[in-house]
Every structure is written in C-alpha cells, then in structure tokens.
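Below you'll find the structure, written out as structure tokens, and then a few comments.
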C-alpha cells in the first residue's frame, strides 16, 4: 500500500498548457495496474488546449470553478462535481474563478 | 460528457459495512470504459470489514480522518491523501475522527 499527501508529490509543468501544473499521485511506477490518478492545479485564467484523444477522463473538482468547453458548448463545474469525458470527445478545461482550480483527473494506463 | 455534483447522486447503503454509504458517481451505466468512481461516506466509528480482492483501490481522502488497517499494521490518512491498495492486499477503512470521513474510491470495471 502506498499513501501520501498530494502536496508531497512533485508538481510538474505541462508542455503546451498555460498556467497548469500536474502531480502524478498514483501511476504505473507505484504498481497501479489499470489507471492513474493525477491532481491538476490551474491558475485563474489558465487552461488546457482544446484537444481530444482515444481515452476517457474521470475528473473530480476539489476546489474552484472551471468551464469545460466542448464543440456543443461550455459547462460550468465547481468543487464537488464529477465529470466524465468519453473517449473521442473534444474538451478544454478553463479556470473561470478568481482562485486556483484543483481537480483530480484519472486516466487509463496503456496495456 | 456527463457532469454532476456528488450530492445529486443517490446514496446507497453497503451490505456488511457499518455506518458506510456509497454514491456511484461514474460507472458502466454512464459509458465509462475502464474504471468507476465512487464516493464513500463513513460515520464516526464506521468501518468496512477487513477484506481482500483481485482488484486495486485508488482512494483520495476528501474530508476527515481514517485508518487503513492491514496485516502489517495501520496507517493514518486524512484529507488530501492519496492511497493505493494493490490487488490482493488485505485492507479495512475505519473512520477514526469525530466527523464524517469522505473519500473517493476508484476501481477497475470488469472486462
């Protein structure tokens, strides 16, 4: 068993992402067999680029307010919201609040 | 894309668990292809039975304090901690605080 406070995990920048850092809380390196847990912190005004990929995101908002932008429009999300982005769905996360937005984002690991 | 506040998801009792409820925030029914997201709420003194299984738990403590009991001893965890219980590891979660313990627990979905 591994257990660790998120703040004890190194924070890394994410290339191509403005005002966004990530901490890999649980990954393949820990022996996780199926999926990884990351914690993202996004500064006010920060965002991921609009993108899509073959795998899903399962997100839980821990703090702050954000907008999830899709082709079909934008959805407001805030602390306590769970978000499922399905494989192939285009998406962008934008911090629309005055403080940091923090969320967990789980993804499947490659086979 | 699905998004929903956790409090809008029905809370269910868990058979054999004392003072424990679960909300399935993201599951197979939502089209999740790989893993599910559940939110557990444990009353003070509440606990899961000591058990083990063939799949992993990835846990993120949202609120409160708990003890994860294993053969090798007990680990204290609290809000902000990420916990990986590997397949086959025996484990029990016990709320050791004065208020509710809330945590996310992600598990892989059957093939």
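Protein chains in written order, with the numbering used here: chain A, 1 to 111; chain B, 1001 to 1111. Each residue gets a CB set at the ideal place from its N, CA and C atoms; glycine is no exception.
What does a CB cutoff of less than 8 Å around residue 1011(B) pick up in its chain, not counting 5 residues either side in sequence?
1021, 1022, 1023 and 1041
Comparing alpha-carbon positions, which option in 1064(B), 1046(B) and 1075(B) lies nearest residue 3(A)?
1075(B)
Mind checking if residue 1082(B) is an interface residue toward chain A, Cβ cutoff 9 Å exclusive?
yes
Count the other CB atoms, across all protein chains shown, that sit within 10 Å of the CB of residue 48(A); report buried if there are 16 or more and exposed otherwise.
buried
Among residues of its own chain, excluding the 5 on either side of residue 1105(B), which ones have a beta-carbon nearer than 6 Å to its beta-carbon?
1038, 1040, 1057 and 1059
When you measure from the CB of residue 1024(B) to every non-hydrogen atom of the ligand MG, does any distance come out below 8 Å?
The ligand MG is absent from the structure shown, which contains no ligands of any kind.
Could you tell me the distance, in whole angstroms, from the CA atom of residue 27(A) to the CA atom of residue 1066(B)?
23 Å
How would you write the range of the beta strand (DSSP E) that residue 106(A) sits in, first residue to last?
First-last of the beta strand (DSSP E) with residue 106(A): 101-108.
Ends of the beta strand (DSSP E) at residue 1024(B)?
For residue 1024(B), the uninterrupted beta strand (DSSP E) run begins and ends at 1018-1026, by DSSP.
What is the DSSP secondary structure of residue 78(A), reduced to helix, strand or coil?
strand
How about residue 51(A) and residue 70(A): do their beta carbons lie closer than 9 Å?
no
Quick check on the burial criterion: 16 or more other C-beta atoms within 10 angstroms. Buried or exposed for residue 1081(B)?
buried
In chain order, what residues of the same chain have a beta carbon less than 6 Å from the beta carbon of residue 1095(B), not counting five sequence neighbours either side?
1042, 1044, 1046, 1066 and 1101.
Counting only the same chain and skipping the five closest in sequence on each side, list residues whose C-beta sits under 7 Å from that of residue 79(A).
61, 62, 63 and 64
From the beta carbon of residue 34(A), is the nearest beta carbon of chain B less than 9 Å away?
yes
Does any C-beta atom of chain A lie closer than 9 Å to the C-beta of residue 1052(B)?
no
Suppose only complete runs of 3+ residues qualify. What are the beta strand (DSSP E) ranges in the stretch 41-76 of chain A, listed by chain order?
57-63 and 65-70
Does the Cβ of residue 84(A) have 16 or more other Cβ atoms within 10 Å, making it buried, or fewer, making it exposed?
buried
Just to confirm before moving on: does the CB-CB distance between residue 1086(B) and residue 33(A) stay below 9 Å?
Yes, Cβ-Cβ distance for residue 1086(B) and residue 33(A) is below 9 Å.
Determine which residues of the stretch 82-98 of chain A have a Cβ less than 9 Å from any Cβ of chain B, and write them out in chain order.
82, 83, 84, 85, 86, 87, 89 and 91
Using only CA atoms, which one of 1077(B), 1111(B), 1110(B) and 1016(B) lies nearest to residue 1097(B)?
For the residues 1077(B), 1111(B), 1110(B) and 1016(B), the minimum Cα distance to residue 1097(B) belongs to 1077(B).
Do residue 35(A) and residue 1035(B) come within 9 Å of each other at the CB atom, strictly closer than that value?
Residue 1035(B) places its beta carbon less than 9 Å from that of residue 35(A).
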